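First the structure, in the form of structure tokens, and then the observations on it.
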Amino acid sequence: MKNLTKSSITLPLSLIIIDSLLFSLSDPRKVPSFLLIVAFLLLTATFYYVVKGLVKLLGWYGVNAKHPNRLASTITAVFGGITALQSIGELTGRDMLVLLPLVLVGYLYFSYNPRSSKGKTSQA
């Protein structure tokens with residue numbers, strides 16, 4: 021486990037500050053549409069780094085994830101998808117009932133899928 025460094029704190033903290041400024045100083049009904057996309061990408065990047073930090077923090081307390089970056093990516097993808105669906109008014113309870121089991125099965129599949137064996141020769 022890597023030690024806590026200054027750079028591992030400054031990036032998420034600076035993203036949170038930029039998010040706070042962007043979302044508090046802009047009106048989503050009056051900004052150009054490309055700024056909404058930038059704000060969405062910024063929000064998901066911030067969420068990824070916060071989740072990644074929380075997973076590392078849990079590792080210090082003995083709860084080790086097998087693939088912490090993959091777990092953070094999966095949680096962020098679910099959050100991003102839910103946020104995108106909610107923002108366009110298409111999120112329903114049925115979507116959540118379908119999405120969460122699919123994400124769980126997908127995460128378990130990719131977590132237990134053995135990595136490709138590089139450098140090993142096959143014996144025929």
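Sequential numbering of the sequence shown, starting at 21, is according to the working numbering.
Just so it is clear, CB atoms sit at the ideal spot from N, CA and C, and this is done for glycine as well.
Since the model is a prediction, treat every value here as computed from it, not as a measurement.
* To do: For the alpha helix (DSSP H) holding R90, just list the boundary residues, first then last.
  => 88-107
Does the stretch 84-95 come within contact of the stretch 56-75, defined as at least 3 CB pairs closer than 8 angstroms?
yes
request  = Report back the beta-carbon spacing between L35 and T66 to the nearest angstrom; my notes put them in contact at under 8 angstroms.
outcome  = 4 angstroms
- Where the alpha helix (DSSP H) containing G79 begins and where it ends: 53-80
Tell me whether V118 is buried or exposed, calling it buried when 16 or more other Cβ atoms sit within 10 Å of its Cβ.
exposed
(message) Using a 10 Å radius around the Cβ and a threshold of 16 neighbouring Cβ atoms, would you call T112 buried or exposed?
(response) exposed
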